[in-house]
Amino acid sequence: EAQVTQNPRYLITVTGKKLTVTCSQNMNHEYMSWYRQDPGLGLRQIYYSMNVEVTDKGDVPEGYKVSRKEKRNFPLILESPSPNQTSLYFCASSLILAGSYEQYFGPGTRLTVT
Amino acid sequence: AQSVAQPEDQVNVAEGNPLTVKCTYSVSGNPYLFWYVQYPNRGLQFLLKYITGDNLVKGSYGFEAEFNKSQTSFHLKKPSALVSDSALYFCAVRDQENNDMRFGAGTRLTVKP
Chain A
83 EAQVTQNPRY
93 LITVTGKKLT
103 VTCSQNMNHE
113 YMSWYRQDPG
123 LGLRQIYYSM
133 NVEVTDKGDV
143 PEGYKVSRKE
153 KRNFPLILES
163 PSPNQTSLYF
173 CASSLILAGS
183 YEQYFGPGTR
193 LTVT
Chain B
47 AQSVAQPEDQ
57 VNVAEGNPLT
67 VKCTYSVSGN
77 PYLFWYVQYP
87 NRGLQFLLKY
97 ITGDNLVKGS
107 YGFEAEFNKS
117 QTSFHLKKPS
127 ALVSDSALYF
137 CAVRDQENND
147 MRFGAGTRLT
157 VKP
């Protein structure tokens, strides 16, 4: 089954404790992206990657890191989480072909930083 | 940079009535436009997209959207709403000149029996 998986689905942590949210897709997609969803703000892009070893900042990259060492994986790293990073996070992937940019989304990771 | 506006936080319609969820956009070049739906506790699901060609785009679950270049709009429509259409709907835009996406804030659609 074609899918984007994220782990963990729920995470409660404390300020300053490094964490990683994993994202994996099995569709051989070149493009992968991370978003955060906050009430009234919709989805805001954190980072995206056009292919292996190619990453770019989105709208709200501060406080986040990503890496793309393999095509299928795109982990999101919070080196020193803060309470304002409490949010619902989505990973997404898509092909890069002219016109074929609809994204497939993971189920989401709800992060609480206390 | 591109942007998207969904002017209504909430849309309420009765089952069987037509529905419209509004979206306007701003890009410097030509847009790719998308609609996604989010059901409770789920990720977003793709509904339809406009890339080029016909201004009326048909998508999943009987939804369609009309691209209007002069009004920079891409409103989502359905002729007859179902209770099961109740969800959060997001419009998104990507400028064909760059690779980042912009999503609107979302519109919560409630269809009442």
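Line order of the protein sequences matches chains A and B. So the mapping is simple: this note's numbering equals the position in the first sequence, first residue as 1, plus 82. So the mapping is simple: this note's numbering equals the position in the second sequence, first residue as 1, plus 46. We put the CB at the ideal spot given by N, CA and C, even for glycine.
- request: Within the same chain, show all residues whose beta-carbon is closer than 8 Å to that of B/L128, passing over the 5 residues directly before and after it, in chain order.
  value: Correct list, in chain order: E61 and V157.
query: Cβ atoms of A/G140 and A/I128: under 7 Å apart, would you say?
result: Taking C-beta atoms as the reference points, A/I128 and A/G140 count as a pair closer than 7 Å.
query: Shortest alpha-carbon distance to A/L177 belongs to which of A/K153, A/V103 and A/D138?
result: Cα-wise, what sits closest to A/L177 is A/K153.
Of the listed residues A/R118, A/P189, A/G98 and A/T196, nearest to A/Q85 (C-alpha basis): Of the candidates A/R118, A/P189, A/G98 and A/T196, A/P189 places its Cα closest to the Cα of A/Q85.
- prompt: In chain order, what residues of the same chain have a beta carbon less than 8 Å from the beta carbon of A/T95, not counting five sequence neighbours either side?
  reply: Take A/T95, set aside five residues on each side of it, and the residues of its chain with a beta-carbon closer than 8 Å to its own are L101, P163, L193, T194, V195 and T196, in chain order.
task: Could you check which residue in B/K115, B/Y85, B/N87 and B/Q91 has the C-alpha nearest to that of B/G99?
output: Distance from the Cα of B/G99 is smallest, within the candidate group B/K115, B/Y85, B/N87 and B/Q91, for B/K115.
message: Taking the alpha carbon of A/F172 as the reference point, which residue from A/N108, A/Y130, A/K99 and A/G122 has its own alpha carbon closest?
response: Ranking A/N108, A/Y130, A/K99 and A/G122 by Cα distance to A/F172 puts A/Y130 first.
- prompt: Which partner residues does B/P77 have in the DSSP bridge list?
  reply: The bridge partners DSSP lists for B/P77 are B/D141.
Sequence-distant residues of the same chain with beta carbon closer than 8 Å to A/P90, five excluded per side: Taken in chain order, the residues that qualify are V103 and T191.
field: Sheet register partners of B/K104 (DSSP bridge)
entry: Answer is B/E110.
message: Can you pull out the residues from the segment 122-138 of chain A whose beta carbon lies closer than 9 Å to at least one beta carbon of chain B?
response: Taking 9 Å as the Cβ-Cβ cut-off against chain B, the residues of the segment 122-138 of chain A that qualify are G122, L123, G124, L125, R126, Q127, Y130, M132 and D138.
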